[in-house]
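Each residue of the sequence shown is one higher than the last, beginning at 530 in my numbering.
Where is the CB? At the ideal position from N, CA and C, for every residue including glycine.
Just so you know, these numbers come straight off a predicted model, no measurement behind them.
What follows is a single structure, written as structure tokens, with notes after it.
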Amino acid sequence: STPPWIVLRYDYNDSSNSTENITIVNSFAWILYLFINLIRHKPYITYFGCCQQNMEALKRDREVRAKTWREHVSTYEQKVGMLDKELENINREFEGLKQKKLKLAETHGHKNANENELIEINAGGRVITANRGALIYQKGTMLEALFSGRWDKEIQRDGLDRIFLDVNPECFQRIINYLSMLKSSSEEDTSQYLQVDKDLQLIFDDTMTYFGIEHPPSSTESSGTTRDPTTNSAFERKPTVKSTWETMTFDEFPIILKNNMRQEQKSMINAKEELERIKKSLEKEEDFVQQTSAQSLSDIVSFDVRGTLMTVKRSTLRIFKDSQLDRQFDEATWPEQHVNLPSIKEWSYEQVADWAKHHDDISDEVVGLLEENKVTGSELLAFGYEDLKNLGISRPGTLALVTKVIKGLRMKSQCQPIFIDHDPYCFGKILDQLRLKAISKEDYRPLSLSDIEERKQDAFAKTVDYYFPGELAHLILKKEPLLQSSIVSQDQAEMIKRWLDE
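Now the structure itself:
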């Protein structure tokens, strides 16, 4: 209905005051009415104001989202960049170590050593044949380094060109058996293969440590216990300050990305630790090889101990100064004992040719090849079957004969064993103690009689007194009180014991 305040009066009858004009006026009145109500209630301002606030909030939210994303991307790129940079460093160092090993092999050994090659080793007088693959099975050990091929030209060899190791032969045989078993068997409990007699345990443990061989977990150890190879003496781990990339976290990233980056970080930490182990191993390897590097053949001494062959380095025999062994093998005395020994390695190529001409089993053809190639004594002793073929000898029969002749010549070039008229067990124990002193340095300790077989104790004490008279005996054998008494002195106790023995 018409609002009460809209009043239209028609005071006079005018033709312009038609129905049409009235309609227009009424329409205008209604519009004015609506306009006044709109102004009074302001609905359009509320609507458009709400829209503007929502849009501004939306804009702010988008800006926050964009900023957060940029921060995430920046953080991600920063942390990935740190990982990538460290990975490049690790790869570069690994490649550097690889090249260093190749260079060592080119200079001191052979680059392409065959893992299936059989190697003859003179282990303290016992010849042990081992597969190279078994010898290098435990990576990072000094045994693996020694037989990796990198040092083949530097290793000490005997007169028959066999690698010489100044070790207890029985202990080394056990180690070879153990490594061969590891290489070929899937058996889990391997500790049984390293069990030795009580009197060998000390020298065996020290030999294992010397070569860096990892002791396997025994069957009595917890199945959940794992052994860290870096606890071996070859890899003594020292505390290090961790880098930023090792300690950074990834909690700000989505769970999947966070887990992936954590795993990548863990793998890189393991790679870094492996790199450090290899670096330390290589440093120790070079020092280790220096101890076993090639020396003069006269520095290898062989003993015939009542029929048992024992071989040891002269420096080992002299480890305890002023002992009988030290005096017997010192620089002044030892050369005099070798005056009449053959010096085939020093032959000139003319002497080699002259020897060949007067040997019944060597043909004129072979003599001509030796002269033509100017083969010296040391080269002749190093010749093997394949070397002779490369020299030009083609007939199988001739090759066999010359190989046999050279083998006999090698036997003659070796130092003749020195006869020892003592019990092999007792003399061998003394050699083991000298070896222990050489490899364990300050950790060395002398034996007690309880470390010796009961039936051999008296003979061992007498053998020690012979080579280490008087006060020197305590270097090998720790003397224990004969009698715990406040009445009888130890000197008196020894006199009583000698009287009873007589």
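Three-state secondary structure (DSSP) of residue i
| i | result |
| --- | --- |
| N651 | strand |
| S748 | Because S748 sits at a pLDDT of 43, beneath the cut-off of 50, its placement in the model cannot be relied upon, and the following sentence gives the value as read from the coordinates. DSSP places S748 in coil when its eight states are reduced to three. |
| L689 | coil |
| I981 | coil |
| T719 | coil |
| V770 | coil |
| A659 | strand |
| T840 | strand |
| I873 | helix |
| I665 | coil |
| I684 | strand |
| L537 | Only weak support is given to the placement of L537: the predicted model assigns it a pLDDT of 45, under 50, and the question is left unresolved by the model. |
Extent of the continuous alpha helix (DSSP H) to which residue i belongs
| i | result |
| --- | --- |
| L672 | 671 to 675 |
| K801 | 784 to 820 |
| T845 | 843 to 846 |
| E900 | 893 to 901 |
| N706 | 698 to 713 |
| V904 | That residue, V904, is in no alpha helix (DSSP H); it is neither H nor E in DSSP. |
| Q962 | 953 to 969 |
| V993 | 986 to 996 |
| W863 | Unbroken run through W863: none, as it is neither H nor E. |
| R1035 | There is simply no residue 1035 to check, as the chain begins at 530 and stops at 1031 in what is shown. |
| K918 | 914 to 920 |
| E879 | 878 to 886 |
Chain-order list of residues whose beta-carbon lies under 7 Å from that of residue i (same chain, five-residue window excluded)
| i | result |
| --- | --- |
| L928 | Y914, L917, K918, I922 |
| D757 | A caution first: D757 carries a pLDDT of 43, below 50, which makes its placement in the model too unreliable to give a value. |
| I959 | T992, V993, Y996, I1005 |
| K842 | D695, D828, I829 |
| A659 | I648, I650, I705 |
| I742 | Q667, T670, L672, I704 |
Exposure label - residue i; buried when at least 16 CB within 10 Å
| i | result |
| --- | --- |
| K801 | buried |
| S852 | buried |
| P698 | buried |
| K903 | exposed |
| E1000 | exposed |
| G926 | exposed |
| A634 | buried |
| A586 | exposed |
| T670 | buried |
| W1028 | exposed |
Beta-carbon contacts of residue i that lie in its chain and below 6 Å, excluding the five residues immediately before and after
| i | result |
| --- | --- |
| Y954 | K985 |
| A674 | E814 |
| E1031 | none |
| A709 | The question names Ala, but residue 709 is Ser in the sequence shown. Hits under 6 Å: A663. |
| V934 | D890 |
| F701 | A652 |
| A1002 | V993, D994 |
Enclosing beta strand (DSSP E) for residue i [first to last residue]
| i | result |
| --- | --- |
| L694 | 692 to 694 |
| D833 | 829 to 834 |
| F740 | Not the beta strand (DSSP E): F740 falls in the alpha helix (DSSP H), residues 730 to 740. |
| I947 | 947 to 949 |
Which listed residue (the options) has its alpha carbon closest to that of residue i
| i | options | result |
| --- | --- | --- |
| M790 | M611, Q1021, E683, K668 | M611 |
| L689 | S603, I650, L811 | I650 |
| K808 | F623, I968, H951, N660 | F623 |
| F676 | D987, T821, S825 | T821 |
| I692 | T736, L647, N706, S709 | L647 |
| A967 | E617, S772, K627, F817 | F817 |
| I1051 | Q582, I935, V834, S772 | No answer is possible for residue 1051: it lies beyond the span of the chain, which begins at 530 and ends at 1031. |
| N620 | R856, I798, D855, Q724 | I798 |
| E805 | R703, L626, H744, L664 | L626 |
| D972 | A659, L731, E585 | L731 |
| E775 | K850, K608, L694, S713 | K608 |
| E615 | D695, K795, G957, I1016 | K795 |
| I931 | I657, D718, V895, D780 | Note on residue identity: the sequence assigns Val, not Ile, to residue 931. Answer by Cα proximity: V895. |
| K970 | Y739, K771, W680 | Y739 |
| E900 | S907, F912, D883 | D883 |
| S514 | W876, V656, L672 | Residue 514 is absent from the model: the chain starts at 530 and stops at 1031. |
| H639 | E683, S603, Q824 | E683 |
The ligand COA heavy atom lying under 7 Å from the CB of residue i
| i | result |
| --- | --- |
| R621 | The ligand COA is not part of the structure shown, which contains no ligands of any sort. |
Same chain, Cβ closer than 8 Å to residue i, five either side skipped, listed in chain order
| i | result |
| --- | --- |
| L938 | I873, L909, L910 |
| D892 | A small correction: the amino acid at residue 892 is Ser; Asp does not occupy that position in the sequence shown. Closer than 8 Å at Cβ, skipping near neighbours: T927. |
| F956 | F832, V834, M839, I949, T992 |
| D961 | N697, I732 |
| P975 | Q962, H1003, L1004, I1005, L1006, K1007 |
| V656 | E649, I650, R691 |
| W863 | S827, R843, Q857 |
Cutoff 8 Å: residue i Cβ touching any chain D Cβ
| i | result |
| --- | --- |
| L587 | The chain inventory of the structure shown lacks chain D, comprising one protein chain alone. |
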